Amino acid sequence: MKQLLTFGLICTIATSGFLFTACEGEDGEPGAAGPQGEKGDKGDAGEDGVGFDEAVQYGNIVVQFKGARADGVAFNKTIDFKFSPTGPDAAYYSYATPYQTEGGAVTEFRIQRFNSAVVSDYSEGGSNSSVAFHFNKYEEGESYIDLDLNVAIVSDDLKFFILGDDYYENTFSETVSEYSFNSVTSELKFTFHLVVPEENNSTGHELEITADVNTKVLQYINVD
Numbered sequence: 051m052k053q054l055l056t057f058g059l060i061c062t063i064a065t066s067g068f069l070f071t072a073c074e075g076e077d078g079e080p081g082a083a084g085p086q087g088e089k090g091d092k093g094d095a096g097e098d099g100v101g102f103d104e105a106v107q108y109g110n111i112v113v114q115f116k117g118a119r120a121d122g123v124a125f126n127k128t129i130d131f132k133f134s135p136t137g138p139d140a141a142y143y144s145y146a147t148p149y150q151t152e153g154g155a156v157t158e159f160r161i162q163r164f165n166s167a168v169v170s171d172y173s174e175g176g177s178n179s180s181v182a183f184h185f186n187k188y189e190e191g192e193s194y195i196d197l198d199l200n201v202a203i204v205s206d207d208l209k210f211f212i213l214g215d216d217y218y219e220n221t222f223s224e225t226v227s228e229y230s231f232n233s234v235t236s237e238l239k240f241t242f243h244l245v246v247p248e249e250n251n252s253t254g255h256e257l258e259i260t261a262d263v264n265t266k267v268l269q270y271i272n273v274d
């Protein structure tokens, strides 16, 4: 009798397992994705990288370029050139040197700024866009100012061209306004404006250049 009950229990368990197995259906298709969650709060601004303050300590030159590309598409680009070297060559990129001539006192200036951290000058294999001014400022008489450009102009359509032109001996009184130089603080400031005819620049169209200069220059100590 006990054996019969045991056999019956085994059969019941086996039958139940078969029924549960037979009734189990296949997984359905994944449901639709739920709505996107709300955007999180904006994180705090990161700190400037090491050496940033040093690289921008000598001021900047903000330049606006207006004209048309070689394909005729108009452009209006403003670039902040605020980086300069800080090593032994720093004076080459930011200097003021006063001297005397028979005609009176003269101060020679040269300032060059880059649009990104300086690894090397483009003439040494670097690829930074840059703008440079060089001039002798006479206390008496007319002065002249040179402009050197090595600038990549990138448009919104990701087409670009290079302004690698030099414009020498521009009459100071015609191209420079709001000029000031403080020999105590070494602050050099001025606004430069030049309209370049189409035949004198690489775009083949009239080019307007406006630069706001707000820099500090180094004054070298001569040792006899």
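Take the position in the sequence shown, starting the count at 1, then add 50; the result is the number in this note's numbering. For each residue, glycine too, the CB sits at the ideal point set by N, CA and C. From a predicted model like this one, the values you see are computed outputs, not experimental measurements.
In this structure, F131 keeps its C-beta atom at 9 Å or more from the C-beta atom of F102.
If you look at A105, you'll find it in the alpha helix (DSSP H) that goes 102–105. The segment 204–241 is shown to contain whole beta strand (DSSP E) runs of 3 or more residues at 210–213, 216–221, 226–232, in chain order. For Y188, the enclosing beta strand (DSSP E) stretches over residues 180–188. Comparing C-alpha distances from I129 to each of S144, A82, S205 shows the shortest one belongs to S205.
Rounded to the nearest angstrom, the Cβ distance from T265 to I161 is 5 Å, consistent with a contact under 8 Å. Distance from the CA of G214 to the CA of E224, rounded to the nearest whole angstrom, comes to 23 Å. Spanning the alpha carbons of I195 and D216 requires a straight line of approximately 11 Å. In the three-state reduction of the DSSP assignment, E249 falls in the helix class.
For I111, the closest C-alpha among the options A118, N126, S134 is that of S134.
The shortest C-alpha to C-alpha distance from A146 to any of F242, N126, Y188 is the one to Y188.
Listed in chain order, the non-local C-beta contacts of N126 below 8 Å within the same chain comprise Q114, F115, K116, local neighbours out to five positions each way being set aside.
If you draw a straight line from the Cα of A167 to the Cα of N232, it comes to about 27 Å. By alpha-carbon distance to V123, the top candidate from H255, V201, L244, Q86 is H255. The continuous beta strand (DSSP E) containing Y149 extends over residues 144–151. DSSP places Q114 inside the beta strand (DSSP E), whose first and last residues are 109–118.
The three-state reading of DSSP puts A124 in strand, counting E and B together.
Taken atom to atom, the span from the alpha-carbon of E237 to that of A141 is near 14 Å.
Per DSSP, reduced to three states, the secondary structure at A82 is coil, with no helix or strand assignment.
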